[in-house]
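Trainee: My questions will all concern the structure given below.
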Ligand SMILES: Cc1cc2nc3c(=O)[nH]c(=O)nc-3n(C[C@H](O)[C@H](O)[C@H](O)COP(=O)(O)OP(=O)(O)OC[C@H]3O[C@@H](n4cnc5c(N)ncnc54)[C@H](O)[C@@H]3O)c2cc1C
Ligand code: SF4
Ligand code: SF4
Ligand code: SF4
């Protein structure tokens, strides 16, 4: 046994709290260790070269590196071993940074702990065995979930490179929230002009299959080989026959609040969400259509010139296979009606930002004329309240929604363009305009468009003589202020959605407490989810604007292309294995495995034992922990390896 | 100034007037406070320069015109030189003083400042340069504080910084013309 130990300073990330030289000197006295060095940056080129040199010159056959978390650099150091001719699984990392120097201040205690961690790593590495990975085929098809700008961009990027894409969108049309917008910062170009051509391109792309009004029902499999059930909900309209003339939508006598316009107006039971919808085909709302409910009416069916209304249509469940998945399920506004001080939603002229987008939009319910909901009058004084719901720990949302400062400035400009004699007040705490051309945009709102910024949160909105009164403060002036306004727009913050959380469970990827999906590493793996082969893009990951959303979508697409450019994929050999001579067939493992990797295997004598599908196994180790007769071993974490690790800790090696 | 400010009652006229007279756009100020940070008199006034700017943006007229700030302002132009938004605040201060005089806004606190400025200008008018001894003597008598700053007299005399008799420039005629044209 020839073990080499390398202790990294990590600049001074580790050496600031840990006496690295002392740790290295200690390591040299451990059984089997033939060399021990400290390195300034083990991951840098000189660091890697030193490790390789020692492997070659000292004939090392096991390597321990005391550095950062394996999540950061395990792959890097495995490559170092391979390049020096060693099996990559003869490496053990001791996390001296995240689990030691970063969390301890007492240098002496931290150094003692580092020594313990090295004792354990050396104990374990001695028992490691070379492991070989196997190969599986990679399916070249990609599934994109969510048809907002993120999903559209990602799907087009993958499809343009010649690969097959299926896009699943929950609502009857693609476009997402961007389709609701009139003009978009920071350039104030018309949202429809830049979005609708992409929507059409997607729908007509030869490599893309679009399923709108559909949802992902079930997912199994693993990177390169996912099996997905997609439920195509019955539209009750035959998409082949329908020409999108819309005759049915004009005649339907039933009315319900229009989702796309956020309840500002009504739509029929048969409806097309908005004029530029893709596909431009109506859908029947089964929850209110009287023909569906009581077999009464059926007007649409009588009117349709192509006989496309299909009440008999049923949901369809498709089974498809994919190599990679991109999740782009977007965001919602927070529920602002929890704020009693802003009226709980009881004032008609206190509206949300997304509603204001619809009022500003030429294809919106007011035809692009700014009229307030209560009486249709043009407002003279418009107040915008920023950070509603955001940066409010008391309501459980401490984070910044990142786009509201910018769209508030946008509203000041658009409002003054529509109504030059109006006055616009923006109540804010800080103005966050961090990106290219953003600060200039906000300045323009103030200088050219006369936006009146008042620094302070509004504490209350109430009605007085037919006007809305805002009680606020001007903290720059140091004085309470009061404003009478005709229309109040709440810049409501952005949240992840219940739908994304439900999907995350099916996909087995992680999310935070607000419903945003968690990236694998916040800096280095920003579009990878916690599960290999599943990528995330857009506002489902965190609040973000369109430029960032598009950048992230293209980034996710490029990761997918990187993945499916391989015909075969190496699977990790760190998987569980059943010793069939010990297995008693209790199948406790089958119940605990979160990846459905355990199968029943019938032996020649007819007895049933467990078998692990190595392609599905993620190496979590739950099965091996629960197995009563200890019949399951997890490669790289076998019992004798773990016991040897513990012995290292308990052996009281001299310091 | 601690009442609730009604934003709807903003004095647009006042804002326009100041913007016109000073040639500055009040909304250009983003309240960074750099003017106040460099202003030599900021510490001795209730409303330091950036706060005057904020009050102007909100059309708060009386308290601004009645403030000591506009009279304490030394016209050193530090604020203007350092403002990142190129607001010529010193110019705005000029416009405010002009307007205060025009509107006859008088207040006990700013009386001596105004008197001093008048005596200062009187001396310039008469001699073409400042006659310190005479100006200060008149100021002290008129403000009924005859021994104010007396302890400075001897050191200043010793250093030759104060003279008992006034000195005049040569071309008093031209000076009279300048005064005449500036008043028309
Ligand atoms: C009021 C307001 C104004 C804004 N103005 C601007 C602006 O001017 N400029 C700018 O750059 N940004 C602006 N933004 C930000 C912009 O809206 C986002 O950056 C952008 O919409 C994010 O796109 P997305 O595709 O990630 O999400 P979304 O637009 O939310 O799209 C997500 C899509 O996924 C679908 N979906 C959700 N769940 C599922 C599921 N389970 N299965 C299938 N499909 C699902 C949804 O139906 C939707 O179609 C604004 C935001 C707000 C709130
Ligand atoms: S972007 Fe601006 S308005 Fe929105 S939450 Fe952040 S600070 Fe508040
Ligand atoms: S320095 Fe200029 S921008 Fe800053 S507060 Fe003063 S006037 Fe306003
Ligand atoms: S010009 Fe006036 S306001 Fe400006 S810094 Fe000088 S003293 Fe202060």
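Chains as they are written, first to last, in the numbering used here: chain A, 10 to 664; chain B, 125 to 308. From the three backbone atoms N, C-alpha and C, an ideal C-beta is built for every residue, glycine too.
According to DSSP, is residue 483 of chain A helix, strand or coil?
Mentor: strand
Trainee: Any beta carbon of chain A sitting closer than 8 Å to that of residue 262 of chain B?
Mentor: no
Trainee: Could you pull the DSSP bridge partners for residue 44 of chain A from this structure?
Mentor: A:13
Trainee: My assumption, with CB atoms under 8 Å, is that residue 504 of chain A sits in contact with residue 343 of chain A. Please give the rounded CB distance.
Mentor: 5 Å
Trainee: Which of the residues in the segment 138-169 of chain B, read from start to end, lie with their CB under 8 Å from any CB of chain A?
Mentor: 149, 151, 152, 154 and 155
Trainee: How would you write the range of the alpha helix (DSSP H) that residue 124 of chain A sits in, first residue to last?
Mentor: The continuous alpha helix (DSSP H) containing residue 124 of chain A extends over residues 116-134.
Trainee: Answer yes or no: does any C-beta atom of chain A fall closer than 8 Å to that of residue 294 of chain B?
Mentor: no
Trainee: To the nearest angstrom, report how far apart residue 44 of chain A and residue 30 of chain A are at their CA atoms.
Mentor: 13 Å
Trainee: Decide if residue 190 of chain A is buried, meaning its Cβ has at least 16 other Cβ atoms within 10 Å, or exposed.
Mentor: buried
Trainee: Tell me residue 464 of chain A's beta-bridge partners as DSSP assigns them.
Mentor: Under DSSP, the beta-bridge partners assigned to residue 464 of chain A are A:437.
Trainee: Chain A beta carbons: is any one of them nearer than 8 Å to that of residue 221 of chain B?
Mentor: no
Trainee: When you measure from the CB of residue 450 of chain A to every non-hydrogen atom of ligand 1, does any distance come out below 7 Å?
Mentor: Remark: the C-beta of residue 450 of chain A is outside contact range of ligand 1, defined as less than 7 Å to any heavy atom.
Trainee: So, for residue 593 of chain A: in the same chain, excluding its five sequence neighbours on each side, which residues have a beta-carbon less than 6 Å away from its beta-carbon?
Mentor: 638
Trainee: Using 10 angstroms around the beta-carbon of residue 305 of chain A, count the other beta-carbons present and answer buried if the total reaches 16, otherwise exposed.
Mentor: exposed
Trainee: Please return the same chain residues whose Cβ sits closer than 6 Å to the Cβ of residue 667 of chain A, not counting the five positions on each side in sequence.
Mentor: In this structure chain A extends from 10 to 664, so residue 667 of chain A is not present and cannot be described.
Trainee: What separation, rounded to the nearest whole angstrom, lies between the Cα atoms of residue 289 of chain A and residue 226 of chain A?
Mentor: Residue 289 of chain A and residue 226 of chain A have their C-alpha atoms spaced approximately 25 Å apart.
Trainee: Where do the N-terminal and C-terminal ends of the alpha helix (DSSP H) with residue 142 of chain B fall, by residue?
Mentor: Unbroken alpha helix (DSSP H) run through residue 142 of chain B: 136-146.
Trainee: Please tell me whether residue 145 of chain A and residue 580 of chain A are closer than 8 Å, where the distance is taken between their beta carbons.
Mentor: yes
Trainee: Could you pull out every unbroken beta strand (DSSP E) segment of at least 3 residues lying fully inside the segment 149-173 of chain A, listed in chain order?
Mentor: 151-154
Trainee: What in chain A is Cβ-close to residue 180 of chain B, meaning under 8 Å?
Mentor: Ordered by position in chain A, no residue passes the 8 Å Cβ test against residue 180 of chain B, which lies about 11 Å from the chain.
Trainee: Check whether the Cβ of residue 309 of chain B lies closer than 8 Å to any Cβ atom in chain A.
Mentor: Since the first and last residues shown for chain B are 125 and 308, residue 309 of chain B lies out of range.
Trainee: Roughly how many angstroms separate the alpha carbons of residue 19 of chain A and residue 50 of chain A, rounded to a whole number?
Mentor: Roughly 5 Å separates the two Cα atoms.
Trainee: Mark residue 86 of chain A as exposed unless 16 or more other C-beta atoms lie within 10 angstroms of its C-beta, in which case mark it buried.
Mentor: Buried, since its Cβ has 16 or more Cβ neighbours within 10 Å.
Trainee: Does DSSP put residue 167 of chain B in a helix, in a strand, or in coil?
Mentor: helix
Trainee: Using a Cβ-Cβ distance under 8 Å, would residue 485 of chain A count as near chain B?
Mentor: Yes, because at least one Cβ of chain B sits closer than 8 Å to the Cβ of residue 485 of chain A.
Trainee: At a Cβ cut of 8 Å, what residues of the segment 418-442 of chain A count as close to chain B, listed as they run along the chain?
Mentor: Those residues of the segment 418-442 of chain A that come within reach of chain B (Cβ to Cβ, closer than 8 Å) are 434.
Trainee: How long is the line joining the alpha carbons of residue 515 of chain A and residue 206 of chain A, rounded to whole angstroms?
Mentor: The alpha-carbon atoms of residue 515 of chain A and residue 206 of chain A are separated by roughly 32 Å.
Trainee: Which residues, in chain order, does the segment 447-469 of chain A contribute to contact with chain B at a C-beta distance below 7 Å?
Mentor: Near chain B, meaning a CB-to-CB distance below 7 Å, the residues of the segment 447-469 of chain A are 455, 456 and 459.
Trainee: Compare the beta carbon distance of residue 199 of chain B and residue 251 of chain B with 8 Å and say whether it is the shorter of the two.
Mentor: For residue 199 of chain B and residue 251 of chain B, no; Cβs fall outside 8 Å.
Trainee: Need the endpoints of the beta strand (DSSP E) that residue 577 of chain A sits in, please.
Mentor: 577-579
Trainee: Between residue 154 of chain B and ligand 3, is the CB less than 7 Å from at least one heavy atom?
Mentor: True, at least one ligand heavy atom lies under 7 Å from that Cβ.
Trainee: Answer yes or no: does any C-beta atom of chain A fall closer than 8 Å to that of residue 312 of chain B?
Mentor: The shown model of chain B, from 125 to 308, leaves out residue 312 of chain B, and the question about it has no answer.
Trainee: Is the Cβ of residue 490 of chain A closer than 8 Å to any Cβ of chain B?
Mentor: yes
Trainee: Name the residue from A:114, A:139 and A:117 whose alpha carbon lies nearest to the alpha carbon of residue 90 of chain A.
Mentor: A:139
Trainee: Cβ of residue 229 of chain A within 8 Å of Cβ of residue 239 of chain A?
Mentor: With respect to residue 239 of chain A, residue 229 of chain A sits apart: the two C-beta atoms are not nearer than 8 Å.
Trainee: So with CB distances below 7 Å, who are the chain E contacts of residue 350 of chain A?
Mentor: Going by chain labels, chain E is absent from the structure shown, which instead holds the protein chains A and B.
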